[in-house]
Every structure is written in structure tokens, then in C-alpha cells.
Amino acid sequence: MYVVGKEEIKAIEEVVLSKKYFRYLGANQESITNACEKDWNHYLHSSFSLLTTSGTNALVVGMAAFGIGPGDEIIIPSYTFVATASAIMQVGAIPIIANIDETLTLDLEDVKEKISPKTKAIVAVHMDGLICDLDGLKQLCEEKQILLVEDAAQACGGTYKGDFVGTIGAFGGFSFNVDKVISCGEGGLLVIKDKKYEKQFLQSLVTHDTACQYGQTLKEKLSDLPSFFGLSTRLNNINAAMLKVQLERLPHILRELRKTKKELVQYAKDCGHEVLLGHDLEGDIGTVLHLKASDPLAAIDFSKKIIDLGIKAGPPFLRPAHACWQWFEAMEKDHYYVKGLNPYRLTDKDYSYKKQDFLPTVKVLSETIRVELNFLENKNLKEQFKAILKG
Ligand SMILES: Cc1ncc(COP(=O)(O)O)c(C=O)c1O
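Sequential numbering of the sequence shown, starting at 37, is according to the working numbering.
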């Protein structure tokens, strides 16, 4: 899917020859990583951007900076990549899973059911570029005085009612690794739009680069923060150089993807298919089309025809790490990379997960045909796919 060219090679070459690979925030020097963050702020109309080594780490650093930790419950959708849950556990908090509905994003009614006095945040995940009901979730968060967080790893450049996703909640996270709309190999971005969260942003700088508290450049700015050890999740200048060029390409890539998706949504409907959409088709990034099948077997049969064309397709149910029951085992008391730090050992409440609690999700995911729209470089495929839609 990636759209890349000589510009990326030139940008990387310049960094390699400059021998300035490492962006250390404590050093008083301009870097391509700083410049790339500025570009993201400009593009997203955001106040603060921080590049990290991955989307997971962008979420971890954001959660830590916003004070999420042991004992806190964080609501996430049943359909998301495992990283949404793992980022929460890495700060010691407990993921609480809510069902999705036919938008393949959080079911607002189920989210309401899952709120408890321990709920600290809701993570809206814009899966497959589909946009969540951010008005509904934001209103709920305001009523309950909890944080709205956006996992926009799969929806870079997506918008909701004209505003960029990732900038609507208190903070948002993006990913630039495999299968993303733009990539730099590995990388993530933490975005905070509201200037009132400057302190949290500063906290996130130290969390992602412990040493920056000891350097001269940020010393004054960070002087109000207590001294603490953080992580080492810095993006380097080589990845940032590639990402900077990729960001320049993003508007064009999105224009093409959206045009194709809108055409196919209409075509599929005209052929009698039901299409599953998120809460803002205009803002959807157009990477994936979701068709509704009459039952799981029909979903598999129809997927096979699409796969035969060389297009990635299938019920999301079968994806290896995206349905919550695939990670239940990793959410048990005895399973963790440091056993004593397992978040389920840091709370007196007992949690258990059962697939039966997610039957609405099972139904939606098994009756959906998820079609990846990688037609940017192969227009013939689109016509062949349309022929299958026509039947
Ligand atoms: C929904 C979602 N959240 C978080 C992530 C984590 O991003 P990364 O793999 O860059 O850590 C991903 C990555 O695929 C994702 O799809």
C-alpha cells in the first residue's frame, strides 16, 4: 500500500551523511525530528506533538503523562489491535472491554454500562479508518468527568465533523508501522491539541526521554516537574526524515483513497450490498471497505472470491490480534513480563473476561467482509472487484 519515492531516499541519505541520527531533547540543536513534529502540529492544527518509537509507546507515554495508573479502569472496544489493551496495562491500569456495534467502533450504550467509579478514561479507537461517535463519547466523558483518549493508529488524517481525529480527545496516538496509511518503518506520534495540557506534554517529554531532564535546553521548562525516571521511546532522525516526506504525501494519498472508497460504497449499495460505515464517511480515511454478509459462512465465501483477485479480505473475526478474546490470556493475573507488576495484582477488585459477554461483537465481526482498498497503484483491480460486487 505504501506510496514512496526518491524523496524519502534523499531525505534519509541526508541524515545518514550528516551523522546526526539521534534526537536528544536535552541537546540544544535543531533536528529533523523537531521539524517533523512541527509539521504534524501544523497539519493537525495541534499544540503539541511528540514522535515516539511506536504507536503503542505514544499511548503509554500519553497515559502516564495524564496520570493513568494502577487501579484505574480504561474502557476500550472489543475490536482493536492488542496494543490498545497492552498500552493500558503497561501503565498499570486495567482495560475494560466494551462491545462494538455495526459501525465497528465502540457501542456507546455498552460503554455506559461499563462505566464504574474506577473509570478514568475511554479510548475511542478509529479502527480500519472508521470514525467513532466522538460527539457521543465526548459528551459522556464530560458528564462523568473522565478523559477521552483517541487511538488513531489506523486513521491517520481522518476527521470527525471537520476536525482531525487524534486531536479531539485529551490526547491521541498514531502509528507509522506496518499496514498504516503512511509509514517510516516504525514510529508513533502523541498529539495534544489543548494548550491547557502543556504540563502533561512536558511530563510526556521526560517519560519518553529520561535524560532530557538532565540536559540544559529544557531545564527551565521542566523545573516544575518532580525528577523521575521514564522510558526510552525516542524516534530517531532517520525515521523522522522519512516520516516528514510521508506526511507531505498524506493529503494526496487520502484524496485518492477517499475517492475510491466513496465510489465503491455507492457501487456496492447500488448492487444491493449493505455497507458498514463509521460515524463520518467524509472523514473516513478510505483504507478499508466493510460489507455486511447474511451470515458467517456467506462472509467467508464472498471473501474467498475477493482474495482470489489478490485483494486482502475476510471477516475481521479471523484477524489474529484484533478481537478481544484473542488476548484474554494475556490479561490474567499470572501472565505479565514482570509478574509482580501485573496490573491485576495491583488492585483488590477481581476481573474476569468471557467470550459470552461479547456475542454482539462476535456477530458483527463474523458477518462482516473487510476489504483492504489497496488500489492506488493498480486501477485494474478496482474494476475486477466491482465485477465481483455486481455478482
Ligand atoms: C488500533 C491500534 N492501536 C495501536 C497500535 C500500536 O501501534 P504500534 O504497532 O506502532 O505500536 C496499532 C498498530 O497496528 C493499532 O492498529
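Glycine included, every Cβ here is placed at the ideal spot set by N, Cα and C.
Residue range 91-101 is occupied by the alpha helix (DSSP H) that includes residue 91. In this structure residue 307 is exposed. Its beta-carbon is surrounded by fewer than 16 other beta-carbon atoms within 10 angstroms. Ligand 1 has a heavy atom closer than 7 Å to the beta-carbon of residue 117. Contact between residue 334 and residue 351 is absent: CB atoms are separated by about 10 Å, not below the 8 Å threshold. The Cβ-Cβ distance between residue 360 and residue 83 does not fall below 8 Å. Pairing residue 204 with residue 180 gives a Cβ-Cβ distance that is not under 8 Å. At least 8 Å separates the beta-carbon of residue 196 from that of residue 158. Looking only at 187, 344, 56, the smallest Cα-Cα distance to residue 212 is reached by 187.
The DSSP-derived three-state label of residue 214 is coil.
C-alpha of residue 144 to C-alpha of residue 313: approximately 16 Å in a straight line. Annotation for residue 163 indicates a beta carbon within 7 Å of some heavy atom of ligand 1. According to DSSP, residue 408 shares a beta bridge with 324.
Annotation for residue 224: the continuous beta strand (DSSP E) segment containing it runs 224-228.
Residue 50: member of the alpha helix (DSSP H) spanning 42-54, first to last residue. The secondary-structure analysis by DSSP pairs residue 155 across a beta bridge with 109. Residue 345 counts as exposed, since fewer than 16 other C-beta atoms from the protein chains shown sit within 10 angstroms of its C-beta.
The Cβ neighbour count for residue 49, taken over all protein chains shown within 10 Å, is under 16; the residue is labelled exposed.
Cβ-Cβ distances below 8 Å link residue 80 to 200, 202, 203, 227, 229 in the same chain, with the five nearest sequence neighbours on each side left out; the list follows chain order. If you check the C-beta of residue 41 against ligand 1, you find no heavy atom less than 7 Å away. Straight-line spacing of the CA atoms in residue 37 and residue 215 works out to 7 Å.
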